[in-house]
Amino acid sequence: MLTYSLISVLIGAPKANTSQPNITEGGGVYLCPWSHTNCNIINFDKQGDRYFDINDVNTQVEFKSHQWFGATVRSHGNSVLACAPRYYWRTKHDTPFADVTGTCYLSVDSLKTFVEYAPCRTVLSPNYRCVCVLQDGRVVLGGPGSFYWQGQLITATTEEIVKAYYPSYFLLSVARQIQTHQVQGTYDDSYLGEEGQSNNTFIALAQRNISKQQNMGSYFGYAVAAIDINNDGLDDLVVGAPMFMHQGSCGRMEELGKVYVYLQRGRLLLEPSQSHLLGTQAFSRFGSSLAPLGDLNQDGFNDLAVGCPYGGVDQQGLVLIYKGDAGGMMDTPTQTLSGQWASSSFPANFGFALKGNRDLDQNGYPDLIVGAFGADKAVLYRARPIVRASASLTVHPTIFNQDEKTCELDTGSRNVAVSCITFCLLAKGKHLPSHLGFTVEVQLDSVKQSQEESIRRTLFLDSKQPSLLKTFSLANGERLCHDTKAYLRGEDEFRDKLSPIYISLNFSLDPQAPVDQHGLRSILDYQTEQLIEQKAQIQLDCGEDNICVPDLKLAVYGDRTEVYLGDENSLSLTFNARNEGEGGAYEAELYVILPPEADYSGIGRNNVSLSQLTCSYEAENQTRYLACDLGNPMKPGISLWAGLRFTVPRLEDIHNTVQFELQIRSKNANNSESDVVLYELEVVAMASVILQGVSRPDKVIFPPPNWTVHQSLSEEQDIGPELQQVYELVNNGPSAISHTTLEVRCPLKALSHELLYPVEVVTEGPLTCFSKTTFNALKLKVRTHNQTCQKSQTPKTLKVAICPCPQKPYMKKQYDLQCSVHYKVDKMPYSIPPQSKPSGSKNVVTAVVWNKPDSLFSVPVWIIILAVLAGLLLLSLLIYLLYKMGFFKRSGPYGTTMEKAKLKPQASSEA
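Now the structure itself:
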């Protein structure tokens, strides 16, 4: 518990160990000068427990250990009263303990001598644990435990208490002592005796009976304070209920604590105020302590401190400051004090005890002392001088007209539009220094500061900067004004011409100002409006009212109406944007909201008549969109054509359509948007399938040369020459196919003779084959072949052998072996049905040339002999004829050798 003594502070320490012999944590009271931290204990009681001889036995009759002396401390003038609410004494010699009665010690001569006052140490043994009031020469004690907790009040003058005190007497009687008495049993558990004090009036609350309208167990009346809240000259009453239960938003009851406010409308006529203070944190024990503070901000109304000893994030404890008002207590705290000691095994209980409304440092403002019971600490909070300041801001003219050039910038480099800005500052207050330092900051176009894409449109003429910082020194009550000029940037330097240009002024006390004679710096009143804003406009080409009303129209055309599952789906959109209104559309943009399946590719450039746009791609949450500049402003009567290119590569068969959303938007306040245009594309499943077939070889001669018929067949080549039919099914997309049927038909017989012997089917790809004909029925050894194909292909090879068949006289020498192939797409892997399912056929022809075998064309021997004889006869006849003709008698051109030798030389040379 806390109280004052002159310019010192009395601090109770209920669990302190003192010099009393054999006493554990008897408690004590310390005297602490406010100017330093050295505290001295006051020896109210130096004795230990007293013992008396009862039946020749030395018996302990009182118990001061853990009595909590100092839990209540009161001072008035030179008198100080301190109580121990947990003091025990033995009422009967044959019982070890008795009821707790409590006891108090009183000093009326500035802490020089002390007397004990224990009016409850009687046979009835009531209990007073809370109330201890000292004022105007009278002591008032409350005993909530008396008469089965009906409660009791006891009062006597300090003069009679001192006169009745005899140290050697254990039970004392004080003359003219006044006390309440026991009443009927319906008042049991009323807890009469909870505390309160109001100048010359003492308040005793019977918690149960008075607070019947409050919820049970809220401890209504645990703390009470009297304070003139509304400055009507009558003390009002505030009552704490630290365990008040409040129904939260989810319907659960929460222990928040509450402080009730009762305004005194007439003598002892209390009416509940409309404003009651409710705690905000569960189990913080809001309202456990209350302290009138006096007028902290010098506004004519007294303020109040409310303790929350278990409040705060770490239960370090809080104290909340509430301001008085003509209508009652303001329900929102103006300041929150937080404990400096975190909760450990035992909470610090910052705010367990409060004491205010006393100017300790003599600076004209009341101070506050906060006790932290669990941390064994007390903190002094000194009220600082309050400055009541006000500021004004004017702008003239409030419209920047770019056509009216009133000033030259940078020695004539450009003419600019200028406006004059004036701000004034006034400061006053009580107990203030002679001069106050202020810092004033003026910001131009301050709202645009948070937008990265925007720049400040106005600058100060002198500094070419968007902000102005000034420091001033004002005397108390002085009003000071300052003029400056701002100019508008060039039209090509910014886009936003519609939104207001906000000019803001923010002022504060100079944080570097020297402290006053009491070591304190002044602060602004919490209600001071430190931020002031004005706004200006930019002159638009929209008539005298400066309001533009466009009429925006949009038409959209595309180069396709369908998109295919599995395709990139290139798309070109051409749009026509028009403004048919009477005013320009400022910062006009085409907004295109892209569907999740689409991507932006670029601007359409295939037509010279299309305007070249500047577009930005943006993403906001899950929405992707394009913003394309259409002009600033988009003037009335304009009509422009432009194109955009997209792809739609991420199609899924969840939706039947893909939708683009297009709209023209501007920053105008009126008629700023066009109608939304939806461009829809139908999602289609489509596949292009190609069937290819080839025969390997494309011509077969049968029987082949040197081929003989095998009596026993063991290998594939024993049957006949090999023939392969290769079929390939290719899906050129774009959509996928999940199930296709491929049917192959080949003739196995020709003219009732076996023509083909089916050997095997070789496949690549997800194919499953079945046939009515048995392949390789003779279980011959089959030669292996390596087949390689592309992934997109689906080949199928039918391997057969040409069977040995004797040629009939009427059989053709050449036979066309024709295999027919047919495919049909049965299913595509989409929930969207295809518009058509591909199908087709193909014939693969192999030429079979029949050759006569050797056994069928042999010549008899006699014919051969006859032929030889005929040949010899013909040769003899030929020789005879040649002989008759002299063929064999003919000589050379020069005769024999002898004849040559008889030739004349001339003839010989000629020859």
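Numbered according to this note's numbering, the sequence shown spans residues 41 to 951. We put the CB at the ideal spot given by N, CA and C, even for glycine.
State buried or exposed for residue i, treating a residue as buried only when at least 16 other CB atoms are found within 10 Å of its CB.
{"i": "GLN87", "result": "exposed"}
{"i": "ARG114", "result": "buried"}
{"i": "PHE284", "result": "buried"}
{"i": "LYS537", "result": "buried"}
{"i": "VAL555", "result": "exposed"}
{"i": "GLN102", "result": "Looking at the sequence provided, one finds Glu at residue 102 rather than Gln. Buried: at least 16 other Cβ atoms inside 10 Å."}
{"i": "PRO159", "result": "buried"}
{"i": "ALA53", "result": "buried"}
{"i": "TRP902", "result": "exposed"}
{"i": "PHE341", "result": "buried"}
{"i": "HIS475", "result": "exposed"}
{"i": "GLY924", "result": "The question names Gly, yet the displayed sequence has Lys at residue 924. Classification of LYS924: exposed, given that the 10 Å Cβ count is below 16."}
{"i": "ASN337", "result": "buried"}
{"i": "GLN155", "result": "First, the residue type needs correcting, since residue 155 is Val and not Gln in the sequence shown. Classification of VAL155: buried, given that the 10 Å Cβ count is 16 or more."}
{"i": "ARG161", "result": "buried"}
{"i": "ASP532", "result": "exposed"}
{"i": "GLN854", "result": "exposed"}
{"i": "TYR657", "result": "exposed"}
{"i": "ASP502", "result": "exposed"}
{"i": "ALA526", "result": "buried"}
According to DSSP, simplified to helix, strand and coil, what is residue i?
{"i": "ALA910", "result": "helix"}
{"i": "SER75", "result": "coil"}
{"i": "LYS468", "result": "strand"}
{"i": "ASP93", "result": "strand"}
{"i": "SER866", "result": "Inspection of the sequence shows that residue 866 is occupied by Asp rather than by Ser. DSSP places ASP866 in strand when its eight states are reduced to three."}
{"i": "ILE82", "result": "strand"}
{"i": "LEU959", "result": "Since the first and last residues shown for the chain are 41 and 951, residue 959 lies out of range."}
{"i": "ASP669", "result": "strand"}
{"i": "VAL716", "result": "coil"}
{"i": "ILE495", "result": "coil"}
{"i": "VAL884", "result": "strand"}
{"i": "GLN757", "result": "helix"}
{"i": "ASP532", "result": "helix"}
{"i": "SER811", "result": "coil"}
{"i": "VAL770", "result": "strand"}
{"i": "ILE461", "result": "strand"}
{"i": "ILE269", "result": "coil"}
{"i": "VAL353", "result": "coil"}
{"i": "SER486", "result": "helix"}
Just reading off the alpha helix (DSSP H) that residue i is part of, what are its end residues?
{"i": "GLU637", "result": "Per DSSP, GLU637 belongs to no alpha helix (DSSP H) and is neither H nor E."}
{"i": "VAL202", "result": "198–204"}
Could you spell out the range, first to last residue, of the beta strand (DSSP E) harbouring residue i?
{"i": "HIS316", "result": "No beta strand (DSSP E) holds HIS316; DSSP gives it neither H nor E."}
{"i": "PHE927", "result": "Neither: PHE927 is in no beta strand (DSSP E) and is coded neither H nor E."}
{"i": "TYR527", "result": "519–528"}
{"i": "CYS144", "result": "143–147"}
{"i": "LEU592", "result": "592–598"}
{"i": "CYS655", "result": "655–660"}
{"i": "ARG705", "result": "697–705"}
{"i": "ARG785", "result": "779–785"}
{"i": "ASN546", "result": "541–549"}
{"i": "TRP681", "result": "679–687"}
{"i": "TYR797", "result": "796–803"}
{"i": "ASP276", "result": "276–281"}
{"i": "ILE730", "result": "727–736"}
Three Cβ pairs or more, each shorter than 8 Å: is that satisfied between the stretch 325–340 and the stretch 377–386?
no
Please go through the stretch 373–425 and give each complete beta strand (DSSP E) segment of 3 or more residues, from N-terminal end onward.
Fully enclosed beta strand (DSSP E) runs of 3 or longer: 375–378, 390–398, 407–412 and 417–421.
Are the stretch 385–404 and the stretch 295–304 touching by the rule of at least three beta carbon pairs closer than 8 Å?
no
Please confirm if the stretch 435–442 is in contact with the stretch 407–418, defined as three or more CB-CB distances below 8 Å between the two stretches.
no
Per the contact definition of three or more C-beta pairs closer than 8 Å, is the stretch 394–411 in contact with the stretch 419–430?
yes
Would you say the stretch 598–612 touches the stretch 542–561, given that touching needs at least three Cβ pairs under 8 Å?
no
Okay, do the stretch 532–548 and the stretch 624–638 touch, 3+ Cβ pairs below 8 Å being the bar?
Flag = yes, the stretch 532–548 and the stretch 624–638 touch.
Is there contact between the stretch 696–709 and the stretch 717–725, where contact requires at least three CB pairs shorter than 8 Å?
Verdict: yes, contact present.
Take every Cβ of the stretch 872–879, pair it with every Cβ of the stretch 788–806, and state whether three or more of those distances are shorter than 8 Å.
Contact fails between the stretch 872–879 and the stretch 788–806, because fewer than three Cβ pairs, one in each stretch, are under 8 Å apart.
Between the stretch 659–666 and the stretch 720–735, can you find at least three pairs of beta-carbon atoms closer than 8 Å?
no
Is it true that the stretch 740–757 meets the stretch 630–646, where meeting means three or more beta-carbon pairs spaced less than 8 Å apart?
no
With contact counted as at least three CB pairs below 8 Å, one residue from each stretch, are the stretch 901–921 and the stretch 804–814 in contact?
no
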